[in-house]
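> Take any residue in the sequence shown, count from 1 to its spot, add 10: that is its number in the numbering used here.
C-beta: ideal position from N, C-alpha, C; glycine also.
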Amino acid sequence: MASFRQNVRSSWWGRAVLTPWRLKNALTTTLPPVARSFAWTFRSREHYNYSYDLQPLNLEYLAAFVAAITGVPRKVARNYIGEIENDVALKDHVVRLNLSHKERFVADAEARFGRRMGWYALIRARKPRIVVETGVYKGLGSCAIAAALLRNAAEGSPGRLLALDINPEAGYLLTKPYSEVGQMFYGDSLASIAAIKMKWISSSMIAIIRPSMRPPKKS
Ligand SMILES: C[S@@+](CC[C@H](N)C(=O)[O-])C[C@H]1O[C@@H](n2cnc3c(N)ncnc32)[C@H](O)[C@@H]1O
């Protein structure tokens, strides 16, 4: 029987018979992400700085990543991520401000923090005194960072967020209570960093550098 199967597999007609099976294997792997991308295109309104949900497996990888680079146990890192996943006050804040802002047609009616949950967990794990965010846009990441800093402060480890953006309209989500631990600096990040007293910055600093940061346009 085994040798009959082997002969079928190796024959030209065996190859033809196996084609639907191979196609099924390929499509069951590749089609679900396409379907999810399609659904996201209509569910999300963001066109520039995408917000999205993380899948359960993504969250486990994120917790493992935070644990590996901060030294906290993976379970502790996963619990930190759980804090922001379940932070109803933070989500309500984001949705309320998004829906009352002129950007409401290109802002999501749900708060989806995506990768920013990793920033939250990093800050909970390391408890930095200063966090620098270079590039803020609406301030979704700033709110996640500030929420972590508020929790750290409640546990006796206060810290501040210095949120930098070149766009004078950036950061509309960073209002109270999150603005109590964070402030906006407008202008080119490099100039802002130079203007911020460097003596604030010690080994307890975490700098979140946005890859999309670019030099300001010359006028
Ligand atoms: C991808 S968005 C930031 C997203 C944000 N960190 C978040 O979590 O949602 C990039 C931001 O960087 C800002 N930016 C780009 N170049 C900059 C520069 N040279 N200095 C300061 N901000 C800059 C843009 O105005 C934009 O708001």
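Does ligand 1 have even one heavy atom less than 8 angstroms from the beta-carbon of G149?
yes
> Which ranges would you report for the alpha helix (DSSP H) in the region 142 to 169 if only whole runs of at least 4 residues count?
Here the runs fully enclosed are 150 to 164.
> Could you name the residues of the same chain whose beta carbon sits closer than 8 angstroms to that of P221, not counting the 5 residues immediately before and after it, in chain order?
With a pLDDT of only 45 at P221, under the threshold of 50, the placement of this residue in the model should not be trusted; the figure read from the coordinates follows. No residues qualify anywhere along the chain.
> CB-CB under 7 angstroms to F115, same chain, minus the five flanking residues each way: which ones, in chain order?
R55
> Grouping DSSP H, G and I as helix and E and B as strand, with all else coil, what is I140?
strand
> Is E113 a contact residue of ligand 1, with contact defined as CB to any heavy atom under 8 angstroms?
Judged by the Cβ position, E113 fails to qualify as a neighbour of ligand 1 at the 8 angstroms threshold, every heavy atom of the ligand being at least this far.
> Rounded to whole angstroms, what is the Cα-Cα separation between R126 and H57?
18 angstroms
> L130 and Y182: beta carbons closer than 9 angstroms?
Checking the sequence, you will find Tyr at residue 130 rather than Leu. No, the Cβ-Cβ distance between Y130 and Y182 is not below 9 angstroms.
> Quick one: any contact between the region 130 to 146 and the region 162 to 173, if contact means 3 or more CB pairs under 8 angstroms?
yes
> G124 and L184 - do their beta-carbons sit closer together than 9 angstroms?
No, these two residues do not count as a Cβ contact at 9 angstroms.
> Would you kindly work out how many angstroms separate the C-alpha atoms of L200 and L159, rounded to a whole number?
If I take the Cα positions, the gap works out to 24 angstroms.
> Is S54 near ligand 1 - that is, is its Cβ less than 8 angstroms away from at least one heavy atom of it?
no
> Identify which residue in D97, R161, E120, P187 has its Cα closest to the Cα of N108.
The shortest Cα separation from N108 among D97, R161, E120, P187 belongs to E120.
> Which residue wins for smallest C-alpha separation from K101, given the options L67, E113, S61, L72?
S61
> Which residue's Cα is closest to the Cα of L174: E93, A77, R15, T144?
The option with the nearest alpha carbon to L174 is T144.
> Output the boundary residues of the beta strand (DSSP E) element that contains F195.
192 to 196
> So what's A121 in DSSP terms, helix, strand or just coil?
coil
> Give me the Cα-Cα distance between H111 and V86, rounded to the nearest whole angstrom.
36 angstroms
> For my contact list, G197 and I176 are in at a C-beta cut-off of 8 angstroms; report their separation, rounded to the angstrom.
Right, their Cβ atoms sit about 6 angstroms apart.
> Compute every distance between the C-beta of R146 and the non-hydrogen atoms of ligand 1, then say whether any falls below 8 angstroms.
Contrary to the premise, residue 146 reads as Val rather than Arg in this sequence. Yes, since a heavy atom of ligand 1 falls inside the 8 angstroms radius drawn around the Cβ of V146.
> Apply the 10 Å Cβ neighbour rule to Y147 and answer buried if 16 or more other Cβ atoms are within range, or exposed otherwise.
Answer is buried; the Cβ neighbour count reaches 16.
> Tell me the DSSP secondary structure of D6 in three-state form.
The structure shown does not extend to residue 6, since the chain is modelled only from 11 to 229, so the question has no answer here.
> For the alpha helix (DSSP H) holding K85, just list the boundary residues, first then last.
84 to 95
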